[in-house]
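Which chain is which? The protein sequence lines are A and B, in order.
Per the working numbering, the first sequence runs over residues 2 to 177.
Per the working numbering, the second sequence runs over residues 895 to 1320.
Beta carbons: idealized from backbone N, C-alpha and C, even for Gly.
Structure record follows, encoded as structure tokens.
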Amino acid sequence: MGFDLSQVIRGRVWKFGDSIETDAINPYYRYPTMEELKQHTMEAYRPEFPQQVKPGDIMVAGRNFGCGSSRPGLVLREVGVAAIVAESVARLFLRNSISRAIPIFVAPGVTAIVQDGETLEVDYPKGVVRNPASGKAVALRKFPPMIEKIFECGGLPEFARERYLKEAASASRPKA
Amino acid sequence: MAQTMAEKLLTRRNLSGKAARAGDFVEAKIDGAMCHYHAGEPMHDMAIEAGFKDGLPRVWDPERIYVLLDHHQPALSQKLADENAVIRREVERLGIQCFHDAEPGIAHQMMLDYGLVRPGELVVGNDSHTIGYGAVNAGSTGITRADMFYVLLYGELWFQVPESIKVVLEGRQPNYPIAKDIILTLAGQHGDDIAQSMSVEYSGSLVSQLSIDSRMCLSTHGVEIGAKFAMFESDETTRQFVKSRTDKPYEPLTPDPGAQYAKEITLNVDDMPFVVAKPHQFGNVVPVDEARGTRINQAQIGSCANGRFEDIEIAARMLEGRKVAKGVRFIISPASQQVYLQCLKAGLIEKLVEAGVQVVTPGCGVCQPRVGFLSDGEVCITATTRNFKGRKGSLNAEIYLAGPLTVTAAAVAGEIVNPKEVFRGL
Chain A
2 MGFDLSQVIR GRVWKFGDSI ETDAINPYYR YPTMEELKQH TMEAYRPEFP QQVKPGDIMV
62 AGRNFGCGSS RPGLVLREVG VAAIVAESVA RLFLRNSISR AIPIFVAPGV TAIVQDGETL
122 EVDYPKGVVR NPASGKAVAL RKFPPMIEKI FECGGLPEFA RERYLKEAAS ASRPKA
Chain B
895 MAQTMAEKLL TRRNLSGKAA RAGDFVEAKI DGAMCHYHAG EPMHDMAIEA GFKDGLPRVW
955 DPERIYVLLD HHQPALSQKL ADENAVIRRE VERLGIQCFH DAEPGIAHQM MLDYGLVRPG
1015 ELVVGNDSHT IGYGAVNAGS TGITRADMFY VLLYGELWFQ VPESIKVVLE GRQPNYPIAK
1075 DIILTLAGQH GDDIAQSMSV EYSGSLVSQL SIDSRMCLST HGVEIGAKFA MFESDETTRQ
1135 FVKSRTDKPY EPLTPDPGAQ YAKEITLNVD DMPFVVAKPH QFGNVVPVDE ARGTRINQAQ
1195 IGSCANGRFE DIEIAARMLE GRKVAKGVRF IISPASQQVY LQCLKAGLIE KLVEAGVQVV
1255 TPGCGVCQPR VGFLSDGEVC ITATTRNFKG RKGSLNAEIY LAGPLTVTAA AVAGEIVNPK
1315 EVFRGL
């Protein structure tokens, strides 16, 4: 599943604090199946989240989002989270999101411009995150072209497959 | 241009051949890849999802991929046994040479026990604590399972060249391990993301006195302060350790004089108090006296952070002639079979069992968790990696992190206490 970085995302905000860990996002050792995970993701911080999150919602978090073990946030996509916007993201969660093409954006200052339940607009092409109600906005960090390409392919395994096919095709082409 | 260790390593391995500077995005050649239980079903499913209908078509180098079944050994359920069976099949199909199967233990410890990682190498693993091999001067780091998929195919991976942070440790090593107190103190004073995506370079007068075990604790916990790499320079201690395990040649990394650091932090350990991280974050650190009197139900020593010989030795030494407090479950898990054997030969296990400790199979279980779940309202003090809410079962349990000495003192007293009150003459 590719992610189109050229689209503008608008959604209702779920706001979280600093250093939200992957144990809370993806407590797989207690809930090993995706169906169970969907019922329990983020409950350590917001017990109502699994029941009340709606497709298209946006998660906004403080610094160091996704710290702890290296675990992908696929469950957040499964429950419908359209984007994650944080002051800063823990290195492995950022890598996990990029490599599975889950829309994640680093936007220092974002927690100051939006409250829980308000609407947020993420405009990647313009490099800005905006609260349409107040008009307040902060810049988001753009990715280098190599990483944009991974998003476009739908993730790193898909990117690998593309490279593999390209190399196989050029190897089988007769030499001039 | 003067380079940090991280810049030097990513310059050496940069596929473009250009000098790597902090902030650059590079594609780098990998020296070694540690893959644990994801090597089976998760990799296979990912391959199929990406369009490889028969699974991963090949691996880049069957001799540079190390598969170790650490999280699920021995299998604690049939589901895990089934997953392990898939891994065995995949290892054989892909021709992977280095496979530690019927051996319990933590992959990171076994990577070092068996000399599978050497100074100056760029090593990746699909587990956050892969960063620990910085103890022996490797640029090692955790990657994601999708990253690992790419590495298995190509032996290459993208990185952003990290800025570096110099952590200067000064002072004298006492006759007990203090690595956990050091890293907790750093996280408490400077925040649990002080080194976010950076490369930590440890230096200072304390370093030459630190054992490899202590360095592994400090490097492993690099990830708890956000780091990409957490490296020590190679010294005589490193050379002796590596020499007894591998004869493959290697090229250590040293930082250039004048290399640029984003930050420099100094910690003098001589006046550092014993500390604990209170629930539920690594950076929620206070001197142990501020948590004094907290009753505990469970105490633990183990994991890739603290399951090593010196962690277990201090517990055994302090428990001689003492008993674990009534009703307290004190669980110790050596990090690997090699560590277990070393403890057995030194007579430590006998002392532990006599004092009332439960010694459990080496592996990730006490930390992951697979062993020693907590019920509502219970309190655990542990020398393992993390204290997040629900980490050991109940969301209503409390987990305190501390060094092995502080954990042992609490196990004896039945409550959190300053080790100096329990063990006179420390």
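Is there a Cβ from chain A that is less than 8 angstroms from the Cβ of residue i?
| i | result |
| --- | --- |
| residue 1110(B) | no |
| residue 1022(B) | yes |
| residue 1090(B) | yes |
| residue 986(B) | no |
| residue 1040(B) | yes |
| residue 940(B) | yes |
| residue 968(B) | no |
| residue 1262(B) | yes |
| residue 1289(B) | yes |
| residue 1192(B) | no |
| residue 1043(B) | yes |
Do you know offhand how far residue i's Cα is from residue j's?
| i | j | result |
| --- | --- | --- |
| residue 1052(B) | residue 1104(B) | 33 angstroms |
| residue 936(B) | residue 27(A) | 16 angstroms |
| residue 32(A) | residue 25(A) | 11 angstroms |
| residue 1227(B) | residue 58(A) | 43 angstroms |
| residue 1135(B) | residue 1150(B) | 24 angstroms |
| residue 1011(B) | residue 1018(B) | 10 angstroms |
| residue 1294(B) | residue 1064(B) | 26 angstroms |
| residue 926(B) | residue 1013(B) | 12 angstroms |
| residue 124(A) | residue 1038(B) | 27 angstroms |
| residue 179(A) | residue 1290(B) | The displayed coordinates of chain A run from 2 to 177. Any statement about residue 179(A) would go beyond what the structure contains. |
| residue 951(B) | residue 984(B) | 11 angstroms |
| residue 1225(B) | residue 1271(B) | 19 angstroms |
| residue 1254(B) | residue 21(A) | 31 angstroms |
| residue 1175(B) | residue 1310(B) | 18 angstroms |
| residue 1267(B) | residue 1188(B) | 19 angstroms |
| residue 1242(B) | residue 1229(B) | 14 angstroms |
| residue 931(B) | residue 1042(B) | 12 angstroms |
| residue 1097(B) | residue 1015(B) | 19 angstroms |
| residue 155(A) | residue 1216(B) | 59 angstroms |
| residue 135(A) | residue 1280(B) | 40 angstroms |
| residue 1139(B) | residue 1209(B) | 27 angstroms |
| residue 1035(B) | residue 990(B) | 21 angstroms |
Give me the DSSP bridge partner(s) of residue i.
| i | result |
| --- | --- |
| residue 988(B) | Per DSSP, none; premise fails for residue 988(B). |
| residue 1276(B) | 1194(B), 1295(B) |
| residue 15(A) | 60(A) |
| residue 1075(B) | In DSSP, residue 1075(B) forms no bridge with anything. |
| residue 1050(B) | 923(B) |
| residue 960(B) | 928(B), 992(B) |
| residue 1160(B) | 1062(B) |
| residue 1093(B) | 1058(B), 1123(B) |
| residue 10(A) | 123(A) |
| residue 87(A) | 62(A), 107(A) |
| residue 68(A) | 22(A) |
| residue 1035(B) | 1018(B) |
| residue 1287(B) | 1268(B) |
| residue 908(B) | 922(B) |
| residue 1181(B) | 1169(B) |
| residue 1189(B) | 1309(B) |
| residue 999(B) | 1230(B) |
Mind checking if residue i is an interface residue toward chain B, Cβ cutoff 8 angstroms exclusive?
| i | result |
| --- | --- |
| residue 124(A) | no |
| residue 170(A) | no |
| residue 22(A) | yes |
| residue 119(A) | no |
| residue 156(A) | yes |
| residue 173(A) | no |
| residue 97(A) | yes |
| residue 140(A) | no |
| residue 32(A) | no |
| residue 101(A) | yes |
Are the C-beta atoms of residue i and some chain C residue less than 8 angstroms apart?
| i | result |
| --- | --- |
| residue 11(A) | The structure shown contains no chain C; its protein chains are A and B. |
### Task
Decide if the segment 1085-1093 of chain B is in contact with the segment 97-106 of chain A; the criterion is three or more beta carbon pairs, one per stretch, under 8 angstroms apart.
no
### Task
Count the CB pairs spanning the segment 949-966 of chain B and the segment 999-1013 of chain B that are closer than 8 angstroms, and state whether there are at least three.
yes
#### Entry: Segment contact, 8 angstroms Cβ cut-off, at least three pairs: the segment 1053-1063 of chain B with the segment 1152-1165 of chain B
yes
### Message
At 4 residues or longer, what runs of the alpha helix (DSSP H) sit wholly inside the segment 123-176 of chain A?
### Response
Runs found: 146-154, 157-173.
### Message
Contact between the segment 1168-1187 of chain B and the segment 915-931 of chain B is defined here as three or more beta-carbon pairs at a separation below 8 angstroms; is this criterion met?
### Response
Under the 8 angstroms Cβ criterion, the segment 1168-1187 of chain B does not count as touching the segment 915-931 of chain B, having fewer than three qualifying pairs.
### Task
Could you say if the segment 1031-1050 of chain B and the segment 1080-1087 of chain B meet the contact criterion of at least three C-beta pairs nearer than 8 angstroms?
no
### Query
Any contact of the segment 1028-1043 of chain B with the segment 1114-1127 of chain B, i.e. 3+ C-beta pairs under 8 angstroms?
yes
### Message
Under 8 angstroms, with one C-beta from each stretch per pair, do the segment 155-163 of chain A and the segment 940-947 of chain B reach the 3-pair mark?
### Response
yes
### Query
Taking only runs of the beta strand (DSSP E) that begin and end inside the segment 1213-1261 of chain B, which ones reach a length of at least 3 residues, in chain order?
1223-1226
### Message
Using a Cβ distance threshold of 8 angstroms, determine whether the segment 1188-1207 of chain B contacts the segment 1068-1078 of chain B, with at least three qualifying pairs required.
### Response
yes
### Query
Is the segment 103-119 of chain A touching the segment 35-44 of chain A in the sense that three or more CB pairs, one from each, lie closer than 8 angstroms?
no
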